[in-house]
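Counting from 1, position 79 in the sequence shown corresponds to residue 153 in our numbering; the numbering is continuous, with no gaps. The block underneath contains the structure these notes are about, expressed in structure tokens.
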Amino acid sequence: MEATVNDIAKIMDGIAPPNLAESWDNVGLLVGRGTTAVKKMMIALDVSPEVVAQALEQNVQMIVTHHPVIFTPVKKMTDSIWQHKLLLDCAENKIAVYSAHTSLDSALGGVNDVLAEKLGLRQTEVLLPSAGGEAGLGRIGILPVALTLAKFAEKIKAVLKLERVAVGDAGSIVEKVALCGGAGADFIDEALAAGADTFVTGDVKYHAAQQAVFSGMNIIDATHQGTELPVINMLADRIALRLSAGGFRTQVLVAKERKILQYL
Ligand SMILES: [Zn+2]
75 MEATVNDIAK
85 IMDGIAPPNL
95 AESWDNVGLL
105 VGRGTTAVKK
115 MMIALDVSPE
125 VVAQALEQNV
135 QMIVTHHPVI
145 FTPVKKMTDS
155 IWQHKLLLDC
165 AENKIAVYSA
175 HTSLDSALGG
185 VNDVLAEKLG
195 LRQTEVLLPS
205 AGGEAGLGRI
215 GILPVALTLA
225 KFAEKIKAVL
235 KLERVAVGDA
245 GSIVEKVALC
255 GGAGADFIDE
265 ALAAGADTFV
275 TGDVKYHAAQ
285 QAVFSGMNII
295 DATHQGTELP
305 VINMLADRIA
315 LRLSAGGFRT
325 QVLVAKERKI
335 LQYL
């Protein structure tokens with residue numbers, strides 16, 4: 075038996091509980107009919123033109139993404155705006171979309187835990203605990219062996235498959251590392267308060283880098299996409315496991331997503 079869209083939404087609500095999402099966010103089942111049977115589904119970071127093309131080619135009935143397919147309120151839906159064209163493509167082809175954004179960032183085993191594991195952190199704790207829970211945004215942990223900033227940057231490039239990373243060098247050896255997948259530079263002060271010597275995130279602006287470096291904390295911009303992509307394979311594995319435990323025969327595919335920003 076194939077899972078329905080509602081069955082998969084329920085599995086996702088278990089992996090990334092919607093009550094962990096930030097108040098400004100938009101998560102959950104955002105497009106589609108709950109009763110549609112799903113023979114094939116696809117996991118992706120974004121609903122992008124290349125992901126929708128793959129979904130159509132593979133004939134999938136559902137896409138699960140990290141970034142919300144609908145974020146700001148939609149007042150019209152025409153093909154004049156690229157996001158709305160993709161929404162139309164999904165709706166017209168009966169493809170449902172579930173998005174788990176900050177709910178997946180905060181969840182145990184989500185974006186930030188996967189990133190912490192990739193970077194080899196131990197004794198990992200939540201940087202900004204959610205109200206009344208052990209989950210929350212960001213993580214902080216210890217490297218088993220302290221590294222120079224250059225060596226740590228090499229390690230990040232290797233595990234996240236990046237050509238290069240931007241590094242703000244505060245002169246500290248790297249041992250206590252805070253991180254936040256995506257755009258986490260707003261949490262520099264929390265990372266400092268938690269005693270991190272190094273902060274890893276994406277989308278770091280100039281003045282945010284100054285704030286980190288002149289406060290004595292190294293900062294590494296490993297890109298928004300690069301710090302979030304590792305969760306996608308983990309998500310696919312966990313959904314596939316729960317589907318088979320539930321006796322469902324739905325096939326789980328992982329989209330191929332190119333780096334949107336490349337270095338020339
Ligand atoms: Zn993101």
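All C-beta atoms, glycine included, are put in the ideal place defined by N, C-alpha and C.
The C-beta of Pro147 has fewer than 16 other C-beta atoms within 10 Å across all chains shown, which makes the residue exposed. Ser177 and Val143 do not touch by the CB rule: their CB atoms are close to 14 Å apart, not below 8 Å. Listed in chain order, the non-local C-beta contacts of Gly321 below 7 Å within the same chain comprise Met75, local neighbours out to five positions each way being set aside. In terms of side-chain proximity, the C-beta atom of Glu96 is found no nearer than 6 Å to any non-hydrogen atom of ligand 1.
In the three-state DSSP reduction, Ala220 falls in the strand class (E or B).
With 16 or more neighbouring CB atoms inside 10 Å of its own CB, Gln128 falls in the buried class. Rounded to the nearest angstrom, the gap between the Cα atoms of Asp187 and Asp277 is 19 Å. For Asn292, the enclosing beta strand (DSSP E) stretches over residues 292-295. With fewer than 16 other Cβ atoms from the protein chains shown falling within 10 Å of its own Cβ, Asp263 counts as exposed. Checking the DSSP bridge columns, you'll see Ala118 partnered with Thr139. Apart from sequence neighbours up to five positions away, the residues of its chain that approach Cys254 with a beta-carbon distance below 6 Å are Gly212, Phe261, Thr275, ordered along the chain. For Glu302, the shortest C-beta to heavy atom distance toward ligand 1 is below 6 Å. Taking a cut-off of 8 Å for Cβ pairs, the region 294-304 and the region 187-196 touch, as three or more such pairs fall below it. The three-state reading of DSSP puts Leu195 in coil, since its state is none of H, G, I, E or B.
Between Ala268 and Ile230, the C-beta spacing is not below 7 Å. Below 8 Å, too few C-beta pairs join the region 89-97 and the region 108-118 to call them touching: fewer than three.
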